Each structure stands twice: as structure tokens, then as C-alpha cells.
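The structure appears right after this line, and notes come after that.
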Amino acid sequence: MINRAFEIGQILEKLEQFPVVAIIGARQVGKTTLTHQIEKIADQLMHRFDLENPEDLARLNDPMLALKNLKGIVILDEIQRRAELFPVLRVLADLVLLIQL
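To convert, note that position 30 of the sequence shown is 211 in this note's numbering; the numbers rise steadily by one, no gaps.
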């Protein structure tokens, strides 16, 4: 496995600054593996939704209800499969920013 300590550090730093952080890249370059590595070392509660998993898709039938009260880091793997989640994430990120003020 490739050592991604630098990338993990960068992502954790961004998560301290911003309510939403995207990990983007070409297919099969290790984005999901990177999130699993972050799960192992992050000192925060983690929630994972794999949008290729029918059970996780079902949990997101009402995305506001599913995501609104989650604390910690929420990983939405393969989010491009559910583009309708992006407006919900914007609303939730705005709520997080208001709470921090």
C-alpha cells in the first residue's frame, strides 16, 4: 500500500477548516482506500455511506433525515451517483457554519 501520510494530513487539516471536503481523482487511484486510512487514525466519530451499496442507498432515501444529526466525519463514497445530494450538503454545511458562529 502506498504511504499517503501527506495526503491524510492535508485532508485532516482541511476538515478542521471547512465543513465539507471533497477527495477527487480518477477512477481506481485510491480515494476509497485513503478514506479507510483516515478512519483508522482520525480521532472523531465516522459515518460511511457507500453509494454503490443498496443498504446505504436506502438509508439515504431521505438524505436530510439521514445526515442532519450525524456528528463527526461523514464519508459519502461514490457521491457522483446521487447528484441530488449536493444541495442537501450545502444546506447542512451552512447549518454547521451557523452553529460554529
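All C-beta atoms in this analysis are idealised placements derived from N, C-alpha and C, irrespective of residue type, glycine included.
Predicted model, so just to flag it, every value in this text is computed and none were measured.
Taking all protein chains in view, the Cβ of Thr-214 is surrounded by fewer than 16 other Cβ atoms within 10 Å, so the residue is classified as exposed.
For His-228, the pairing in a beta bridge is given by DSSP as Val-255. Put simply, the backbone Cα of Leu-196 is about 23 Å away from that of Glu-265. With fewer than three CB-CB distances shorter than 8 Å, the segment 202-214 does not count as touching the segment 235-247.
Going by beta carbons, Gln-225 and Ile-189 fall outside the 8 Å limit. Beyond the five residues adjoining it in sequence on each side, Ile-192 comes within less than 8 Å, by CB distance, of Val-202, Ile-204, Leu-215, Ile-219 in the same chain, given in chain order.
Between Pro-244 and Val-269 the beta-carbon gap is near 5 Å, inside 8 Å, which marks them as a contact. Taking all protein chains in view, the Cβ of Leu-251 is surrounded by fewer than 16 other Cβ atoms within 10 Å, so the residue is classified as exposed. Apart from the 5 residues on each side of it in sequence, Ala-223 sits with its Cβ closer than 7 Å to the Cβ of Leu-193, Ile-254 in its chain, given in chain order.
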